[in-house]
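Chains A and B supply the protein sequences, listed in that same order. In terms of UniProt numbering, the first sequence opens at residue 1 and continues consecutively. In terms of UniProt numbering, the second sequence opens at residue 1 and continues consecutively. Structure first, commentary second.
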Amino acid sequence: MHDSHPLASAALSMVPSPVLARMVALLTRIMRRRHPHLVENFGRLDHGIIHIEPTDLPHRFEIEYGAGQMDVRLLTEDDPPPPDARIRGSLAALIALLEGRIDSDALFFTRDIEITGSTEVSVAVRNTLDREEIVMRDEIAALFGPFERPARRIGRRLDRVIGLARTQVATLHAKLHEANVPSRDLAAECDELRAEVKALKTRLAKMDVRQMRTAGNAATGAP
Amino acid sequence: MSLELVCPAGTPAALRAAIDAGADTVYCGFRDCTNARNYPGLNFDVREMAEGVEYAHRHGRKVLAAVNTFPRAGDPAPWHAAIDNAAAAGIDAVILADLGVLDYAQRRHPELRRHLSVQASASNELSIAFYRDRFDIKRVVLPRVLSVEQVAALVRRIGIETEVFAFGSVGPMSEGRCFLSSYITGLSPTTEGACAPASHVSYRDDGASTLSRLGDVTLNRFRQGEPAAYPTPCKGRYVTHGRATYLFEEPVALNAIDILGDLKAAGVTALKIEGRQRSRAYVTEVVSSFRKAIDALERGSNEAVANKLASVAEGQRETTGAYRKGWR
């Protein structure tokens, strides 16, 4: 469904919490500067707090917004459960969502992400993020200040290497599961089979009634 | 004449994505109760609408504004403002449903092209002729209740353009007039613009499964790995005779990509993709697939366009719905 990104989750898992917290604060400042409409649109919403929980990371994040502001912070273990809403999913799925590369409803339909709590909050956050064209690689490259361009180049090269690996794995996966590729006619076929089973059941019920009647008649001697 | 591809945009980014993916026309709504997809964080303010129109026109495409909910008693101002703002933004047409809003648009902005929204539920010749003759509507968006043959019969008789749904959610065919949602939430989908207001939707995890709720009513329970449905009353699973089943509508999406030739032969003008509430990733995926299919149809190519849309379809299932009426 979406690309896996084991390198990113492995790397982030190793970053100590205090360092990651400072990186998140810096990244938020940069995103505020690079995406003024994002802050403006979050600021227009009613106040809300949502927790973002990558299932393959030991870290959780919080987005607080409304009343003209937007803030992102790293949560500690002692932070209480989210007051409003929570979205859980793999880091790759969450980044794909943030970048608008994947449809959140599709992820929800397949249960690749889990949403709990206030839907108003999660829908508002999803829609507000989807208004912006965010590429995480570029946002992270911007962290490097004057070294942004070389960082971006390295990021692109890494992406290419990871992309190639992903394609190879996806091809292998597809080959292994060729027999399982769902047919477009599957739904129609199911409908037909369902109708057939229903018709057979009706026929069987009628035969049962007829048989019972015949058996009853035989017992009473009626014709 | 090629089939016109009419695509949804809930945000300015989705509008650009739709145009870049090959939409001929994009439809969107203002950020309030005047459009039928009134969800938090979604839709356009006046400035964004004007910028969207500018972007579309620069690429030779059109933008339609949906002002397709029904004014609240004694409060027509938001609907009047939406019509005025759409006209000021240079919109190519407005999509309207309510008689009073149609009347206002015709009197105040006679030069502004008017389309009849699916929310008006005009599905027969007499009804469409009334809107055509009284409000000079140029196009009707047909409800999702008609077979291809019925669409063809209507096209021959009504003398205006027709737009039909080609992809997206399927409702229980009352088109925006869901009394169940109103009963459960106390909010009217027709005046508030949301059939399952996000403020009333919640999800609860009970370990083995997830429960979706609208207000105080549990609509559905999904086991781990089971495809989920929208949290709307029409997609709820209800227990009758001891068995939980989808009484009204199963989680399945309409997909007419394989019958575009039939729809064109029926005389349809435009194909509508549903989903202003969906992401720009959905918009890009669905619009580019339909663009390829329409172009292949125009070339007279027999090559089937690979249908990869099941992944964005509700419940991962697709149907041709009323076009084929396969349940009969």
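Using N, Cα and C, we set each Cβ at its ideal position, and we do this for glycine too. Nothing here was measured: the structure is a model prediction, and the numbers come from that model.
Taking only the alpha-carbon atoms, compute the straight-line gap between residue i and residue j and give it to the nearest angstrom.
i: B/C28; j: B/E149; result: 30 Å
i: B/S2; j: B/E314; result: 28 Å
i: B/Q277; j: B/G300; result: 34 Å
i: B/L219; j: B/Y203; result: 10 Å
i: A/S4; j: A/S104; result: The predicted model places A/S4 with a pLDDT of 47, which falls under 50 and marks its position as unreliable, so this point remains unresolved.
i: A/L129; j: A/G100; result: 8 Å
i: A/R203; j: A/V197; result: 10 Å
i: B/L102; j: A/R33; result: 43 Å
i: A/V181; j: B/L309; result: Residue confidence is low: A/V181 scores 48 on pLDDT, short of 50, so the model does not pin down where it sits. Its coordinate-derived value is still stated next. Distance between the alpha carbons of A/V181 and B/L309 is about 13 Å.
i: B/G10; j: B/L187; result: 22 Å
i: B/R317; j: B/G275; result: 16 Å
i: B/A93; j: B/V145; result: 24 Å
i: A/L91; j: A/R126; result: 16 Å
i: A/R194; j: B/K264; result: 31 Å
i: B/N85; j: A/I30; result: 34 Å
i: A/A179; j: A/L74; result: Residue placement at A/A179 cannot be trusted, given a pLDDT of 46 that sits under 50; what the coordinates show is reported in the next sentence. Rounded to whole angstroms, A/A179 to A/L74 spans 44 Å at the Cα level.
i: B/I19; j: B/A50; result: 15 Å
i: A/G66; j: A/V72; result: 12 Å
i: B/K62; j: A/E40; result: 27 Å
i: B/G52; j: B/V239; result: 46 Å
i: A/L57; j: A/D112; result: 16 Å
Using a Cβ cut-off of 9 Å, pull out every chain A residue sitting near residue i, in sequence order please.
i: B/N205; result: A small fix is needed here, since residue 205 of chain B is Asp in this sequence, not Asn. Going along chain A in sequence order, the residues near B/D205 (Cβ under 9 Å) are E114, T116.
i: B/A198; result: S118, T119, E120, V121, S122, V123, A124
i: B/V201; result: S118, T119, E120, V123
i: B/S311; result: M1, D103, A106, F109, T110
Do residue i and residue j have their C-beta atoms closer together than 8 Å?
i: A/M136; j: A/I87; result: no
i: B/A36; j: B/G193; result: yes
i: B/S199; j: A/E120; result: yes
i: B/Y230; j: A/A106; result: no
i: B/V141; j: B/V170; result: no
i: A/A124; j: A/G48; result: yes
i: B/L5; j: B/I294; result: yes
i: B/P8; j: B/I273; result: yes
i: A/L98; j: A/L26; result: no
Residues of chain B with a CB under 8 Å from the CB of residue i: which are they?
i: A/A128; result: According to the sequence as given, residue 128 of chain A is Thr; it is not Ala. Those are G41, listed as they occur along chain B.
i: A/E132; result: A13
Applying a beta-carbon distance threshold of less than 7 Å, which residues of chain A neighbour residue i?
i: B/T269; result: The premise fails here: B/T269 is roughly 27 Å from chain A at the closest Cβ pair, so nothing lies under 7 Å.
i: B/G225; result: R111
i: B/S288; result: Correct list: empty, because the minimum Cβ distance to chain A is about 13 Å.
At 8 Å on the CB atoms, spell out the chain A contacts of residue i, in chain order.
i: B/E314; result: D105, F109
Taking Cβ-Cβ distances shorter than 7 Å, what residues in chain B pair up with residue i?
i: A/I102; result: A281
i: A/L94; result: Under the 7 Å cutoff, chain B gives no residues; its nearest Cβ is about 14 Å from A/L94.
i: A/L45; result: P40, G41
According to DSSP, residue i sits in a beta bridge with which residue or residues?
i: B/D205; result: B/T210
i: A/D71; result: A/E64
i: B/C28; result: B/A65
i: A/H51; result: A/E62, A/R86
i: B/H115; result: B/I95, B/R139
i: B/L254; result: B/G168, B/T319
Which residue from the options puts its Cα closest to that of residue i?
i: A/D78; options: A/V123, A/S118, A/H59; result: A/H59
i: A/A93; options: A/P83, A/T110, A/P80, A/A85; result: A/T110
i: B/R237; options: B/S212, B/A253, B/V155; result: B/S212
i: B/G168; options: B/V312, B/R108, B/T11, B/G100; result: B/V312
i: B/R108; options: B/N124, B/F135, B/E125, B/A97; result: B/F135
i: B/Q224; options: B/M49, B/D205, B/Y323; result: B/D205
i: A/E62; options: A/L143, A/T116, A/L97, A/T76; result: A/T76
i: B/I160; options: B/C33, B/V268, B/R31; result: B/V268
Name the chain B residues that come within less than 9 Å of residue i, Cβ to Cβ?
i: A/A141; result: Simply none; closest approach about 21 Å.
i: A/L200; result: Simply none; closest approach about 17 Å.
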